[in-house]
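J.: Sharing a structure with you now.
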Amino acid sequence: MGLKANLEKEIYNVLRDWKAVGLSIAIPVISIVVYSSTGAARISFKGMPINPTAIMCTLPIMFSALFVSSPSIVKEKMLGTLSRLAKTPMSSVQFLFSKLAANMLVSVFQTAILVILATELLNDMSARDAPLLFTVILLLAAVSHTIGLLISAVSSTDQQALSLASLYTMLTIVLSGVISIGAMPPAIAKFSNYLPYTHAYQAIKCYVDGSMLSMFTFTSYLVIDLFIFFAIAVIAVSASKK
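Using the working numbering, read the sequence shown as starting at 13 and increasing by one per residue.
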C-alpha cells in the first residue's frame with residue numbers, strides 16, 4: 013500500500029466515525045460558548061500573570077487531539093496491521109504522516125470554528141487576531157496529535173493509551189497555565205517551559221500582552237516540538253513493527 017492509498021484509507025476511517033468527529037468539533041465550541049457567558053470573558057487579561065482566555069483558546073484543541081490520536085496505533089497492533097506493514101515498502105514516516113494528516117483534517121475545522129467564536133465572543137480577541145490565533149492553535153493540534161500517536165505507539169491496550177493521555181493532560185493543565193510559572197519552584201518551572209502546551213499558551217498570551225518577539229519565539233518552539241515528537245514517534249512505531 014502506497015502513501016496515497018494509506019492516506020485515503022486513514023481519511024475515510026476518520027470521517028466515517030461521524031459521531032467522534034461531531035464530538036471533537038463540539039468540544040471547543042462548547043468550551044468557548046460557556047466561557048464567553050462568564051464575566052471573565054469580558055475582562056482584558058493583558059499583562060496579567062495568567063490569561064484564562066489564552067487557556068480556553070488552546071486547551072480544548074489539545075485535549076481533543078490527544079484523545080483522538082492516542083488509541084489509533086493500538087488498534088493497528090491489535091488487528092495485526094502494524095506487523096504486516098513491516099513487510100511492505102511503506103515506511104514508519106509515511107504511516108505516521110498518513111494518520112497525522114487524516115486527524116489534522118478534523119483539527120482544521122475545529123480550529124476554524126474556535127477562532128471564529130473566540131474573535132466574536134471574547135474580549136481579548138478580535139478579527140485581526142484570527143490569522144495568528146489560527147496558526148498557533150493549528151500547530152498545537154499537530155503537536156498534540158503527534159504526542160497522541162507516540163502514546164499509542166508505546167501502549168499495548170486502549171486503556172493504557174487513554175490513561176497515559178489523561179496523565180499527560182493533567183500534568184499539562186497544572187504546569188502550563190493554571191499555576192503561574194513564576195510561582196513554581198525553579199526545577200518544576202524549568203520542566204514546564206519545555207512543554208508544547210506552554211509554548212502555545214505563551215505565544216497567545218505574549219500576543220495579547222503586545223510582545224510580538226516573544227510570540228514569534230514561542231510559535232517557533234511549537235514547530236520544533238512538532239519535529240521532535242514526530243521523530244520520537246517514528247522511532248517508537250519502528251520498534252513496534254519488530
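C-beta: ideal position from N, C-alpha, C; glycine also.
1. Given that a residue counts as buried once 16 or more other Cβ atoms are within 10 Å of its Cβ, and exposed if not, what is residue 29?
2. Within the same chain, show all residues whose beta-carbon is closer than 7 Å to that of residue 139, passing over the 5 residues directly before and after it, in chain order.
3. Count the other C-beta atoms from every protein chain shown that fall within 10 angstroms of the C-beta of residue 214, then say buried if there are 16 or more, exposed otherwise.
4. Looking at the unbroken alpha helix (DSSP H) that takes in residue 96, where does it start and where does it end?
5. For the alpha helix (DSSP H) containing residue 143, list its first residue and its last residue.
6. Which residue comes first and which comes last in the alpha helix (DSSP H) that contains residue 72?
7. For residue 196 and residue 210, I'd like the C-alpha separation in whole angstroms.
8. First and last residue of the alpha helix (DSSP H) that includes residue 25?
9. Distance, Cα to Cα, residue 163 vs residue 176?
10. Quick check: the stretch 66-79 against the stretch 224-234, are there 3 or more CB pairs under 8 Å?
11. Helix, strand or coil for residue 205, going by three-state DSSP, please let me know.
12. Find out if the Cβ-Cβ distance for the pair residue 83, residue 155 is shorter than 8 Å.
13. Relative to the C-alpha of residue 180, which candidate in 199, 157, 198 and 88 has its C-alpha closest?
14. Just verifying my parser: in three-state terms, what is the DSSP assignment at residue 178?
T.: Quick answer:
1. What you label residue 29 is simply residue 17 of the sequence shown in a count that begins at 1. By the neighbour-count rule (16 or more Cβ atoms within 10 Å), residue 29 is not buried but exposed.
2. Here the question's residue 139 lines up with position 127 in the sequence shown. Cβ within range, chain order: 131.
3. For the purposes of this step, residue 214 is taken as residue 202 along the sequence shown, with counting starting at 1. When all chains shown are included, residue 214 counts as buried.
4. Here residue 96 refers to the residue found at position 84 when the sequence shown is read from its first residue. Here the alpha helix (DSSP H) through residue 96 covers 93-97.
5. Within the sequence shown, residue 143 is the residue found at index 131, counting from 1. Its alpha helix (DSSP H) spans residues 142-166.
6. For the purposes of this step, residue 72 is taken as residue 60 along the sequence shown, with counting starting at 1. Its alpha helix (DSSP H) spans residues 64-81.
7. Position 184 of the sequence shown, counted from the start, is the residue given in the question as residue 196. Position 198 of the sequence shown, counted from the start, is the residue given in the question as residue 210. One C-alpha to the other measures close to 14 Å.
8. Position 13 of the sequence shown, counted from the start, is the residue given in the question as residue 25. Here the alpha helix (DSSP H) through residue 25 covers 15-28.
9. For the purposes of this step, residue 163 is identified with residue 151 of the sequence shown, where counting begins at 1. For the purposes of this step, residue 176 is identified with residue 164 of the sequence shown, where counting begins at 1. Each residue's Cα considered, the two are about 7 Å apart.
10. no
11. As a first step, residue 205 must be located in the sequence shown, where it is residue number 193. Here residue 205 sits in coil by DSSP.
12. Counting from one through the sequence shown, the residue named residue 83 turns up at place 71. Counting from one through the sequence shown, the residue named residue 155 turns up at place 143. Going by C-beta atoms, residue 83 is not nearer than 8 Å to residue 155.
13. By one-based count along the sequence shown, residue 180 stands at place 168. Considering only alpha carbons, the answer is 157.
14. Locating residue 178 in the sequence shown gives position 166, counting from the first residue. It is helical.
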